[in-house]
Amino acid sequence: MAEINKSQTLICFNELVNARDKGHIFQLLEGMGTIIELPELEMGMGSELVSCMPGFIAAIFNEICLSAQKHTNITPEEVVQMVLNTMIGTGQLMLENNYSYQDVISRVATKGGITEEGVKVIQESFPQVSDAVFDKTLEKRRQTTLKAQEVFKE
6 MAEINKSQTL ICFNELVNAR DKGHIFQLLE GMGTIIELPE LEMGMGSELV
56 SCMPGFIAAI FNEICLSAQK HTNITPEEVV QMVLNTMIGT GQLMLENNYS
106 YQDVISRVAT KGGITEEGVK VIQESFPQVS DAVFDKTLEK RRQTTLKAQE
156 VFKE
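With the sequence shown counted from 1, adding 5 to any position gets you the numbering used here.
Structure below.
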């Protein structure tokens, strides 16, 4: 994301870093995108949310596109283009208007309508997938950390 100045750089500081030095670091990194300061114990989940998420999002929406293609004669390229433009537009709408996910759902899903039916399926089925993703990736991160600690002890 840094190549389009939309990266999210996670940083944490210990008690030895003063406000002036923090300011310099923020100034140095903000040219690539947003800087997010987190406590050290939250860096794992933070990394899942900003470093791994592009891959997760790509995998999710690739599956959506593949599924859509089973039900249409629209070309795969056009399906992808529509989904990508919808992703960009939805994200921009949410950011510019400070909308929550529920705000967007409420604005789009008519009671008893098509979108509401699809949202119900997602809300019923996707939490298990999402939980499994974080269970697996955070466990892998824990194992990687332990391995690194062993290597540095040697």
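All residues carry an ideal CB built from backbone N, CA and C; glycine is no exception.
Assigned with DSSP and collapsed to three states, E45 falls in helix. Listed in chain order, the non-local C-beta contacts of K27 below 7 Å within the same chain comprise F18, local neighbours out to five positions each way being set aside. Less than 8 Å divides the Cβ of L34 from the Cβ of T14. In this structure, the CA atom of E122 is about 35 Å from the CA atom of G49.
Take the alpha-carbon of K116 and the one of S52: they are about 37 Å apart. Secondary structure of L143 (DSSP, three-state): helix. Distance from the CA atom of S72 to the CA atom of V126, rounded to whole angstroms, is 14 Å. The straight-line gap separating the alpha-carbon atoms of A114 and Q97 is approximately 19 Å. Distance from the CA of E83 to the CA of T120, rounded to the nearest whole angstrom, comes to 21 Å. If you check the CB distance, I9 and I40 do not come in under 8 Å.
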